[in-house]
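Trainee: Here's a structure for you.
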Amino acid sequence: MSEKTGGSFARLKGDLFKDIELSNISRFRGELMGAAMLFIILFHVSLPRWDMFFGLRRMGNVGVDMFLFLSGVGLWFSWVRTPSVRHFMVRRFLRIYPAWLIAASLYYIPRFHGGSVAAWIDLIGDIAVNWDFWLHDELTFWYIPAIMMLYLFTPAYMELIRRHPIYRWLPVLMILWCVLVQYVTPIHAAVCHLEIFWSRVPIYFIGINMGESIRRKDTMDGASIWMILLTFAMTLFSSIFMEQNLHGQFPLFIERMLYIPLTITSILLMNRIFRRTPAWFNRFFSFVGALSLEAYLIHLHFILVYIPARWSYWPTFLVCVAITLPAAWLFARFVTWIARRLEEKIL
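Start counting the sequence shown at 9; every next residue gets the next number (our numbering).
Quick look at the structure:
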C-alpha cells in the first residue's frame, strides 16, 4: 500500500470513528428542518400502490417526526434562555397562529356554503383550532393543532425535568399509552381517532430531553457509529417492508414506534452529510427549513392538488417544490410582519 493510499485510509478511518458531536443537531437544525419538509412533500406526492418504490415514498412522513424532535430541542434552548411561561407561549403562538389563521381561512371559507348555526360553529371551530381533527380525525393541516396542543404542556414538562430529572423517562409511558389506545377497548373507543397525534407525542418530548445534552455539547463515542448504522438500517428497511407488503394490515402506531429510533439515527447520520456538503447545498436546505411552516401549510392543499394527476412522480415533486418555495417565502414575509406588530404590543 502506497504512503498516499495509507494516509487516505487512516484519515477515513479517523473520520469514521470521530466522536459524534450532539451539538451538530443544533448547528444543522435549519438544514435538517429543510430535509424534513422535502420528505413530507415526497410523501404527499401520490404513487400507485403497485409501484416498487411505494414503501419508500410512504416513509416520507418521518419528516413529521423529525419536525417534532427538532422542535423539542429548539424549545429547550429557548426555555433555558428565558424560563417564562408567558414569553414562551406568546413567542410560540405568534410564530404559528397568524399563518394558521390565514391558511385555514383560505381553505375552509371557500368550502363553506352556509347552513345551520351548528355549521357556522363548526366553521369557526375549524378555523380557530381545527376542532374536527380533535373530534373526528379530520387531517387537514393536522400537524398545526397538534403542535399547538403540545405547546400547552411543554413549559410544565421542561420545568418538571429540570427540577426532577427522573421524569425524563415519561416518554416511555407515552409509548405505553399508544399501546393502550390501540388494544384496551374502552380507551380505543374513546380516543383511537387521535392515533396520529398520540404516536407522535413521544418523539417530541424525547427531543426536549436531549436538548440539554445538545446544549452542553456532549459527545458520543465514535465507535457508536456502528450501532447507529445498524439501528438506522433495521428501522428503515423494516418500515419499508411493512409499507410495501403489509400496507393497511397493521396498526400505524407500530410503525411510528419504529420511527422514533429511525428519526434520531437519521438526524445523526444527516449531520455527517451536512458537515461535508458544499455551503450552497446547506444554504438551500436551511432556506427550505426556515420556510417549513409556511411550506407545510400551502404545498398540499393550495399547490399540489392543482398539478395534473397524469404527471409522473418526480416532475410533480419538482414543480411542487419550485412553486411552493417562492410562495412560502412571500407568505412568511407577510406573516412575520404581522407577528412583529403583535409582539410589539404584547411583549
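Note that the Cβ used here is the ideal one computed from N, Cα and C, for glycine as well. Here the structure is a predicted model, which is why all the values come from computation and not from measurement.
Got a sec? Which residues, its chain only, sit under 7 Å from Val189 by beta carbon, not counting five neighbours each side?
Mentor: These residues qualify, in order along the chain: Ile195, His196, Val199, Cys200, Glu203 and Trp206.
Trainee: Taking contact to mean 3 or more Cβ pairs, one atom from each stretch, closer than 8 Å, check whether the region 326-346 and the region 301-309 are in contact.
Mentor: Yes, they touch.
Trainee: With the cut-off set at 7 Å, would you say Ile222 and Ser34 are in Cβ contact?
Mentor: Yes, these two residues count as a Cβ contact at 7 Å.
Trainee: Specify the secondary structure class of Thr285 as computed by DSSP and reduced to three states.
Mentor: Coil, per DSSP.
Trainee: So what does Thr227 bridge to, in DSSP terms?
Mentor: According to DSSP, Thr227 bridges with Glu29.
Trainee: Nearest-angstrom Cα distance between Thr273 and Gly122?
Mentor: The alpha-carbon atoms of Thr273 and Gly122 are separated by roughly 49 Å.
Trainee: State the DSSP-derived secondary structure class of Val192, mapped to helix, strand or coil.
Mentor: In the structure shown, Val192 sits in coil (DSSP, three-state: anything other than H, G, I, E or B).
Trainee: When you compare only the Cα positions, how much space is there between His309 and Trp234?
Mentor: If I take the Cα positions, the gap works out to 41 Å.
Trainee: Inspect the beta-carbon positions of Pro210 and Met182 and report whether they are closer than 7 Å.
Mentor: Cβ atoms of Pro210 and Met182: closer than 7 Å.
Trainee: Which residue from Pro91, Thr285, Val137 and Ile311 puts its Cα closest to that of Phe36?
Mentor: Looking at the Cα atoms, Thr285 is the closest of the given residues.
Trainee: Run the CB neighbour count on Ile135, radius 10 Å, all protein chains shown included, and call it buried at 16 or more, exposed below.
Mentor: Answer is buried; the Cβ neighbour count reaches 16.
Trainee: Using a Cβ-Cβ cut-off of 6 Å (strictly less than) and excluding sequence neighbours within five positions of Val296, which residues of its own chain qualify?
Mentor: Gly42 and Met45.
Trainee: Assuming contact is defined by CB atoms lying nearer than 7 Å, are Glu29 and Phe293 in contact in what I supplied?
Mentor: No, Cβ-Cβ distance for Glu29 and Phe293 is not below 7 Å.
Trainee: For Thr90, does the count of other Cβ atoms within 10 angstroms reach 16, so buried, or fall short, so exposed?
Mentor: The residue is exposed, with fewer than 16 neighbouring Cβ atoms inside 10 Å.
Trainee: Going by other Cβ atoms of all chains shown within 10 Å of its Cβ, with 16 needed for buried, is His172 buried or exposed?
Mentor: Label assigned to His172: exposed.
Trainee: Tell me which residues share the same chain as Gly80 and place their Cβ nearer than 6 Å to its Cβ, disregarding the 5 neighbours each side in the sequence.
Mentor: Excluding residues within five positions, the ones whose Cβ falls inside 6 Å are Tyr212, Gly215 and Ile216.
Trainee: Exposed or buried, Phe61, counting other C-beta atoms within 10 Å across all chains shown (16 or more means buried)?
Mentor: By the neighbour-count rule (16 or more Cβ atoms within 10 Å), Phe61 is not buried but exposed.
Trainee: Where does Asn138 sit, in a helix, a strand or coil, going by DSSP?
Mentor: Residue state, collapsed to three classes: coil.
Trainee: The alpha helix (DSSP H) spanning Val53 covers which residue range?
Mentor: Unbroken run through Val53: none, as it is neither H nor E.
Trainee: Short of 6 Å in beta carbon distance, which residues of its chain neighbour Pro106, apart from the five on each side in sequence? Order them along the chain.
Mentor: The residues are Val343, Ile346 and Ala347.
Trainee: Taking the straight line between their C-alpha atoms, what separation do you get for Phe258 and Arg349?
Mentor: Whole-angstrom Cα-Cα distance: 48 Å.
Trainee: In whole angstroms, what separates the C-alpha of Asp59 from that of Gly82?
Mentor: In a straight line, the C-alpha of Asp59 is about 38 Å away from that of Gly82.
Trainee: Which of the three DSSP states, helix, strand or coil, is assigned to Arg65?
Mentor: Note: Arg65 maps to helix in three-state DSSP.
Trainee: Out of Ile248, Asp140, Leu276 and Arg283, which one is the CA nearest neighbour of Gly228?
Mentor: Checking the sequence, you will find Met at residue 228 rather than Gly. Closest option to Met228, Cα to Cα, is Leu276.
Trainee: Would you mind working out which of Glu220, Phe249 and Arg208 sits nearest Asn69, comparing C-alpha positions?
Mentor: If we check each option's Cα against that of Asn69, Arg208 comes out closest.
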